[in-house]
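Chemist: First residue of the sequence shown: 14, per the working numbering; consecutive thereafter. Beta carbons are placed, not taken as given, at the ideal position from N, Cα and C, and that holds for glycine. Quantities reported herein were computed from a predicted structural model and do not represent experimental measurements. Mind looking over this structure? Questions follow.
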Amino acid sequence: MQPRSNSGVWIVVAAYNEARTIADVVREIGRTGYALVVVDDGSADATAELAAAAGADVVRHPFNLGQGAALQTGIEFALAQGARFVVTFDADGQHRTSDIAALLDALTRNDADFALGSRVLGATVNLPPRRRWLLRAATWFTRMTTGLAVTDAHNGLRAMTRRGAGAIRLHQNRMAHASEILHQIAASGLIYVEAPVTVEYSAYSLAKGQRTSDALTILVDLFARRLRR
Numbered sequence: 014m015q016p017r018s019n020s021g022v023w024i025v026v027a028a029y030n031e032a033r034t035i036a037d038v039v040r041e042i043g044r045t046g047y048a049l050v051v052v053d054d055g056s057a058d059a060t061a062e063l064a065a066a067a068g069a070d071v072v073r074h075p076f077n078l079g080q081g082a083a084l085q086t087g088i089e090f091a092l093a094q095g096a097r098f099v100v101t102f103d104a105d106g107q108h109r110t111s112d113i114a115a116l117l118d119a120l121t122r123n124d125a126d127f128a129l130g131s132r133v134l135g136a137t138v139n140l141p142p143r144r145r146w147l148l149r150a151a152t153w154f155t156r157m158t159t160g161l162a163v164t165d166a167h168n169g170l171r172a173m174t175r176r177g178a179g180a181i182r183l184h185q186n187r188m189a190h191a192s193e194i195l196h197q198i199a200a201s202g203l204i205y206v207e208a209p210v211t212v213e214y215s216a217y218s219l220a221k222g223q224r225t226s227d228a229l230t231i232l233v234d235l236f237a238r239r240l241r242r
């Protein structure tokens, strides 16, 4: 990796059994000069070792806790290192590192605490129709339950200031954590913006992603939780 910049930007990557892609992802992020932590969420493969060999700081969960817990660990680690900005980035290779600077720029230009990546404002590559429908349903649900006028509800590429990161306390895992982040942004009252990004799907990232049946179950569960409040 290149020497770390003094910009105070930390990239957080939650990874579970991502040995196939993690080294490439770490090396790509490394070329940006930003600091990087990979949270290995109890992987049974060589994810942690490959991430460390590629140049990342690695924090390991002893067993799998879910993506939400892994992101929370990474955010807390970055804040403990003095991060001024935290960016979450997926481990499966579907995000582009060139979008990181655009998200950070959106924060500063808009004096915002959260910049949410939107593939609707940007672009998708190889997105199956069924997955497109699911993303639209998730976005509708999020708008109805949070009041946030977002165009993309479940995009793992997002940036936040130190203040914004401090307002995030994730308890949900899997796809549900993405909805939880947006609920917490709404509750915080802090300024958010969206920025266009590109999400490029591969057979690997689609296979690793949430199954439609599981995602629908999560959406129903989240809706039920909202009704109980």
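(1) I'd like the span of the beta strand (DSSP E) that includes LEU134, first residue to last.
(2) Would you kindly work out how many angstroms separate the C-alpha atoms of VAL212 and ALA166, rounded to a whole number?
(3) Quick check on DSSP: helix, strand or coil for ALA83?
(4) Could you check if ALA28 is buried or exposed, using at least 16 other CB atoms within 10 Å of its CB as the buried criterion?
(5) Flag this pair as yes or no: are the beta carbons of ASP70 and ASN30 separated by less than 7 Å?
(6) Do you know offhand how far GLN197's Cα is from THR86's?
(7) Using a Cβ-Cβ cutoff of less than 8 Å, which residues in the same chain neighbour SER131 once the five nearest sequence positions on both sides are dropped?
(8) Have a look at HIS190, GLY68, GLY177 and flag the residue whose alpha-carbon is nearest the alpha-carbon of ALA96.
(9) Apart from the five residues just before and just after LEU203, which ones in its own chain have a Cβ nearer than 8 Å to its Cβ?
(10) Do HIS184 and the ligand GTP come close, with the Cβ less than 6 Å from some heavy atom?
(11) By Cβ distance, which residues of its chain are closer than 8 Å to VAL72, with the 5 residues on each side in sequence left out?
(12) So PHE102 and VAL25 are in contact, right, with Cβ under 8 Å, and what is the actual spacing, rounded?
(13) Name the DSSP bridge partner or partners of HIS74?
(14) If the criterion is Cβ atoms closer than 7 Å, does the pair LEU195 and THR137 meet it?
Modeler: On the basis of the coordinates in this document:
(1) 127-138
(2) 13 Å
(3) helix
(4) buried
(5) no
(6) 17 Å
(7) VAL163, THR164, ASP165, ASN168, GLU207, ALA208, PRO209, VAL210
(8) GLY177
(9) ALA125, ASP126, PHE127, ARG176, GLY177, ALA180
(10) The model on display carries no ligand, and the ligand GTP is accordingly not part of it.
(11) VAL50, VAL51, VAL52, ASP53, THR86, GLY87, PHE90
(12) 7 Å
(13) ASP54
(14) no
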